[in-house]
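J.:
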Amino acid sequence: MSVAEQIEKFKISLPEDVCLVAVSKTHPPELIMQAYAAGQRVFGENKVQELCDKYEALPKDIEWHMIGHLQSNKVKYIAPFVQLIHGVDSFKLLQEINKRAAQNDRIIDCLLQFHIATEESKFGFDLAEAQAMLSGEAFEALKHIRIRGVMGMATFTDNSEQVKEEFRSLKKIQKALSNGFFEGNNHFDICSMGMSGDYLLAIEEGSNMIRVGSAIFGHR
Ligand SMILES: *Cc1c(COP(=O)(O)O)cnc(C)c1O
1 MSVAEQIEKF
11 KISLPEDVCL
21 VAVSKTHPPE
31 LIMQAYAAGQ
41 RVFGENKVQE
51 LCDKYEALPK
61 DIEWHMIGHL
71 QSNKVKYIAP
81 FVQLIHGVDS
91 FKLLQEINKR
101 AAQNDRIIDC
111 LLQFHIATEE
121 SKFGFDLAEA
131 QAMLSGEAFE
141 ALKHIRIRGV
151 MGMATFTDNS
161 EQVKEEFRSL
171 KKIQKALSNG
181 FFEGNNHFDI
191 CSMGMSGDYL
201 LAIEEGSNMI
211 RVGSAIFGHR
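In our numbering, the protein residues as written are 1 to 220.
And the structure:
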């Protein structure tokens, strides 16, 4: 199936409240334009340099999401245009995003990344760390970021029960934070979970934003 056909397929089959982030990392602008021509406007990249290059080269009505691990010293490059940063995993990073957003006279939307997988290497908060951060006065002072929700990655495994359990745990975290810190705030509404191999399970468990690369663009 072509890229355009894949986009069409997702458009038809996804529930209306689920946002598709087309993960275009490593793929050339021409392939992204095939998805664009099929109506896709939200794209995700995981490297700052590549994200900036593609932002420069491609139509300006694309909504660019930074989905990968983000180093503080690189925030300044994406701050002028990034629409959503999925992988916020420390207060230090949030402070830097706030600072650079202020310099660009923007408010940047962010997701808190949680560690839900059993794998050691994945980045992210645990619930207690996030609660401690959100309770702090230092957090209160950040006026140029807006926390829109949570993001997580399940363990890479064929065990779908385990994957579902991990997604469920992220959904519980979102609920706990929503009740504890974002009561009555209808901007805290994004749960970014699910990739090519597990997005159906993620949607079953309450995802409303899936990040899909290889199922659209083929193997990297
Ligand atoms: C690469 C990547 C994806 C997409 O992975 P696929 O398996 O190709 O769909 C999703 N989320 C993050 C954070 C990624 O780095």
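For every residue, glycine included, the Cβ atom is placed at its ideal position computed from N, Cα and C.
Keeping to the same chain, check which residues put their C-beta closer than 6 Å to that of Glu-45; ignore five residues upstream and five downstream.
T.: For the purposes of this step, residue 45 is identified with residue 45 of the sequence shown, where counting begins at 1. Answer for Glu-45: Lys-25 and Leu-51, listed in chain order.
J.: Give me, in chain order, the residues of the same chain whose beta-carbon lies closer than 7 Å to that of Val-23; leave out the 5 immediate sequence neighbours on both sides.
T.: As a first step, residue 23 must be located in the sequence shown, where it is residue number 23. Contacts found: Gly-44, Ile-67, Arg-211, Val-212 and Gly-213.
J.: Are the beta-carbon atoms belonging to Leu-221 and Ser-192 less than 8 Å from one another?
T.: Nothing about residue 221 can be reported from this structure: the residues present for the chain run from 1 to 220 only.
J.: So, using beta-carbon positions, are His-86 and Ile-108 closer together than 8 Å?
T.: What you label residue 86 is simply residue 86 of the sequence shown in a count that begins at 1. What you label residue 108 is simply residue 108 of the sequence shown in a count that begins at 1. No, Cβ-Cβ distance for His-86 and Ile-108 is not below 8 Å.
J.: Report yes or no: do the segment 156 to 174 and the segment 54 to 74 share at least 3 C-beta pairs separated by less than 8 Å?
T.: Output reads no: the segment 54 to 74 does not touch the segment 156 to 174.
J.: Can you tell me which of the three DSSP states Ala-130 falls into?
T.: In the sequence shown, residue 130 corresponds to position 130, counting from 1. Of the three classes helix, strand and coil, the one that applies to Ala-130 here is helix, per DSSP.
J.: In the DSSP assignment, find the unbroken alpha helix (DSSP H) run with Gln-49 in it and report its ends.
T.: Locating residue 49 in the sequence shown gives position 49, where the first residue counts as 1. Unbroken alpha helix (DSSP H) run through Gln-49: 48 to 57.
J.: Could you check which residue in Tyr-36, Glu-120, Ile-147 and Phe-167 has the C-alpha nearest to that of Glu-8?
T.: Within the sequence shown, the letter at position 8 stands for residue 8. For Glu-8, the nearest C-alpha among the options comes from Tyr-36.
J.: In the DSSP assignment, the beta strand (DSSP E) including Gln-113 goes from what residue to what residue?
T.: Taking the sequence shown and counting its residues from 1, one reaches residue 113 at position 113. Looking at the DSSP string, the run of the beta strand (DSSP E) that includes Gln-113 is 108 to 114.
J.: Buried or exposed for Gly-184, please, with buried defined as at least 16 other CB atoms from any protein chain shown within 10 angstroms of its CB.
T.: Counting from 1 along the sequence shown, the entry for residue 184 is found at position 184. The residue in question, Gly-184, is exposed, as its Cβ has fewer than 16 Cβ neighbours within 10 Å.
J.: Based on Cα-Cα distance, which residue from Lys-11, Glu-137, Thr-118 and Leu-14 lies nearest to Gly-152?
T.: Here residue 152 is taken as the residue at index 152 of the sequence shown, counted from 1. Checking every option, the nearest Cα to that of Gly-152 belongs to Thr-118.
J.: Taking the alpha-carbon positions, what's the Gln-174 to Leu-14 distance?
T.: Stepping through the sequence shown from its first residue, residue 174 is reached at position 174. Stepping through the sequence shown from its first residue, residue 14 is reached at position 14. If I take the Cα positions, the gap works out to 22 Å.
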